[in-house]
Each structure stands twice: as C-alpha cells, then as structure tokens.
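Engineer:
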Amino acid sequence: MSFQKIAPDVKLGKDVKVYDFVNLYGCTIGDRTKIGTFVEIQKGAKIGADCKVSSHTFICEGVTIEDGVFVGHNVSFINDKYPRSQTQWGHADRSRLGCGADAREKGASIGTTTTVLCGVTIGENAIIGAGSVITKDVPPNTVVAGCRPA
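Here it is as structure tokens:
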C-alpha cells in the first residue's frame, strides 16, 4: 500500500527517494534528492539535485531550490505577501502577490522550523539557524539566525 500522492505531472530525476505521506504535484525534483515524510511540494516548484528536504516541510508554488541544499524539518516557504482566505481577486491569481520566485542557492542549509517569506534569496552556502524567520535576502557564505527583518 502506498502512502504517497505523486501527481502524473511531477518530474522526478534519477534515484530520487520519496518517503511516505508526501504530496507532490506539478513540481520538478532533481537527481538523488531525498523528500522526507509529510512533505508537500506544489506546482511550479523546482528542487535541484542532491538536496535533502526533511519531514513536515511545505514548499509552495514558485519556489526554486538549487543543487545540494539542505532543508530542515518543518520549514515553510511563503509565496503570498497579502494572505486572505478570500478576496476580490480569487485564490489563484498569483499576479496580485507582487512576489517573484524564491530561490535557495547551491549548498545553502535552512534550519528546522524556519519560515522563509516570499521574494527573498538565500545565498550560496549560507546557513540559516533553526527557528528563523527570513524576510530579506541572505548573502552567500553567511550564517544568520533569528528574525531577519526587512
């Protein structure tokens, strides 16, 4: 019995490991990447090769994660600057968000229970401490922790 929901439009690279209770739809996952239990990856998201996405993580539409990135447990990526349950624009109108695709560059490590707001880039080889809230760009090769306000 399978406990995975992998939509037919998902593109999986070679030797990808997907654990139980995972929802994948409309996304691309690179070679040798591991997707942990209770992860959801939405349409249009791109995960590179040799990544690890730990359990209970949410990767929303428009997020790009490059090769060799570590994503800790319970990390959330946000793609809506103005969240509402319903609006005059409707649920699916991404044009009103003012949010470009988020990028996590090669070799970055994102600690457990981090929240990454839309429109930010986490630079190559940067390390994000557990429990952080990332609201602006993180330069390459730096270590940050806590709330990084705009």
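To convert, count from 1 in the sequence shown and add 13; that's our numbering.
In this text, a Cβ means the ideal position worked out from N, Cα and C, and glycines have one as well.
Roughly how far, in whole angstroms, is the beta-carbon of Glu118 from the beta-carbon of Glu79, given that I think they are within contact range, below 8 angstroms?
Structural biologist: Position 105 of the sequence shown, counted from the start, is the residue given in the question as residue 118. Position 66 of the sequence shown, counted from the start, is the residue given in the question as residue 79. Between Glu79 and Glu118 the Cβ distance is about 5 angstroms, and since that is below 8 angstroms, they are a contact.
Engineer: With a 10 Å radius around its C-beta and 16 neighbouring C-beta atoms as the bar for buried, classify Val156 as buried or exposed.
Structural biologist: Residue mapping note: residue 156 aligns to position 143 of the sequence shown, counting from 1. Exposed.
Engineer: Kindly indicate which three-state DSSP category Cys40 falls into: helix, strand or coil?
Structural biologist: Numbered from its first residue, the sequence shown carries residue 40 at position 27. If DSSP states are grouped into helix, strand and coil, Cys40 belongs with coil.
Engineer: Using CA atoms only, rank isn't needed, just tell me which of Leu130, Ala143, Gly144, Gly142 is closest to Asp150.
Structural biologist: Within the sequence shown, residue 150 is the residue found at index 137, counting from 1. Measuring from the Cα of Asp150, the nearest candidate turns out to be Leu130.
Engineer: Under the assumption that Asn92 contacts Thr70 (Cβ atoms under 8 angstroms), give the Cβ distance between them as a whole number of angstroms.
Structural biologist: If you number the sequence shown from 1, residue 92 lands on position 79. If you number the sequence shown from 1, residue 70 lands on position 57. Rounded, the Cβ-Cβ distance is 14 angstroms, inconsistent with contact.
Engineer: Who does Lys18 pair with in a DSSP beta bridge?
Structural biologist: By one-based count along the sequence shown, residue 18 stands at place 5. The partner list for Lys18 (beta bridge, DSSP) reads Asn36.
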